[in-house]
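Below is one structure, written out as structure tokens; comments come after it.
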Amino acid sequence: MNASPDTPILNITSPNTGTPRETATVVVDTPIGPLTLVASDRGLRAVMWPDEELGRVRLDATDAAAAGTPAEAILQTASEQLGQYFDGERATFDVPLDPVGTDFQQTAWAALRTIPYGETISYGEQAARLGDRRKARA
């Protein structure tokens, strides 16, 4: 599984400030269709389906100053690990992550990362793990 040769890694401009970003994307062909990977220098920001709009992923101007692994290297690692996953050779990922969201979103995403490979939970169970079954509606 490789990045599409027609889709180069791109620098993205922050929609709020117009300033250059240290965020990059690459489109990867997979058995479930093309996926767009978005990464900052800190880690993988998002994996997006073909019909999603890039605006779903917040690109905060403060993120551009982050030191760390270059976004291109993170995208390469993520692409390789996705390929291994789809080939049945990988059940866990060790790509650094850099999700941008509210405190609630960060907590919810952290809880999702605790679900073991091959298991599922309901929205209600996820909400219970967050401490409030009513959060299933959030």
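For the sequence shown, the positions run 8 to 145 when the numbering used here is used.
Glycine included, C-beta positions come from ideal geometry on N, C-alpha and C.
| query | result |
| --- | --- |
| Proximal residues to residue 143 (C-beta, below 6 angstroms), its chain only, five neighbours per side dropped | 130, 131, 134 |
| Proximity test, Cβ basis, 8 angstroms: residue 130 and chain C | Annotation note: the requested chain C is absent from the structure, which comprises a single protein chain. |
| Start-to-end residues for the alpha helix (DSSP H) that takes in residue 114 | 110 to 119 |
| 7 angstroms Cβ shell around residue 69 - same chain, five flanking residues per side excluded | Residue placement at residue 69 is poorly supported in this model, since its pLDDT is 39, which falls under 50; the coordinates still yield a value, given next. Counting only Cβ-Cβ distances below 7 angstroms, and skipping sequence neighbours, we find nothing. |
| In DSSP terms, what residue 152 is bridged to | The question about residue 152 has no answer, for the chain in this structure spans 8 to 145. |
| DSSP-derived helix/strand/coil call for residue 136 | helix |
| Exposure of residue 32, with buried meaning 16 or more beta-carbon neighbours within 10 Å | buried |
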